[in-house]
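Engineer: Just dropping this structure here.
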Amino acid sequence: MMEVTAAVILEGNRVLVCQRLNGKWEFPGGKLEADENLEACLIREIKEELSLSIKIQAFLQCIDYPIDTGTLRLSVFQCTILTGEICLRVHQAFQWLTLDELAGVDLMAADRLLELNKLNFRL
Numbered sequence: 004m005m006e007v008t009a010a011v012i013l014e015g016n017r018v019l020v021c022q023r024l025n026g027k028w029e030f031p032g033g034k035l036e037a038d039e040n041l042e043a044c045l046i047r048e049i050k051e052e053l054s055l056s057i058k059i060q061a062f063l064q065c066i067d068y069p070i071d072t073g074t075l076r077l078s079v080f081q082c083t084i085l086t087g088e089i090c091l092r093v094h095q096a097f098q099w100l101t102l103d104e105l106a107g108v109d110l111m112a113a114d115r116l117l118e119l120n121k122l123n124f125r126l
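FYI, this note's numbering numbers position 12 of the sequence shown as 15, with every residue one higher than the one before it.
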């Protein structure tokens, strides 16, 4: 099983999504490394990919998604930015979107399964 993390980073009533090189959008995050917990993974990945320091506020959801090599387990956390300005290192673009706007973007399949609603977090 491949374990990955994702950050639902909130700013006001908007959520951050980043565009991969294949044109699809995702919640930023990345793969768990050996001897690393989920929270440390997410903090490291956001620093590496976006040059941001984040605060993890809450665990939102865990999604198991079938992939060619088995299963991808996506652990999703609600976060806020502590310091830094977004500097894209692996993505080609980013957007701050409302929940309504989010429905109109081409999200990665596993990210699409994330139930973003006001029951999961407050906008």
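Note that CB positions come from ideal geometry on N, CA and C, so glycine has one too.
1) When DSSP labels each residue in this structure, what does L117 get in the three-state scheme?
2) Report, in whole angstroms, the separation of the C-beta atoms of L117 and Q64, which I expect to be a contact under 8 Å.
3) Can you give the Cα-Cα distance for D109 and D71, rounded to whole angstroms?
4) Quick check on the burial criterion: 16 or more other C-beta atoms within 10 angstroms. Buried or exposed for L35?
5) Using beta-carbon positions only, say whether Q81 and Q22 come within less than 8 Å of one another.
Structural biologist: From the atom records:
1) As a position in the sequence shown, residue 117 is number 114, starting the count at 1. Of the three classes helix, strand and coil, the one that applies to L117 here is coil, per DSSP.
2) Position 114 of the sequence shown, counting from 1, holds the residue named residue 117. Position 61 of the sequence shown, counting from 1, holds the residue named residue 64. L117 to Q64, Cβ: 6 Å. Contact.
3) The residue you call residue 109 lines up with position 106 of the sequence shown. The residue you call residue 71 lines up with position 68 of the sequence shown. If you take the alpha carbons of D109 and D71, they lie about 21 Å apart.
4) As a first step, residue 35 must be located in the sequence shown, where it is residue number 32. It is buried - the Cβ of L35 has at least 16 other Cβ atoms within 10 Å.
5) Residue numbering aside, residue 81 sits at position 78 when the sequence shown is read from its first letter. Residue numbering aside, residue 22 sits at position 19 when the sequence shown is read from its first letter. No, the Cβ-Cβ distance between Q81 and Q22 is not below 8 Å.
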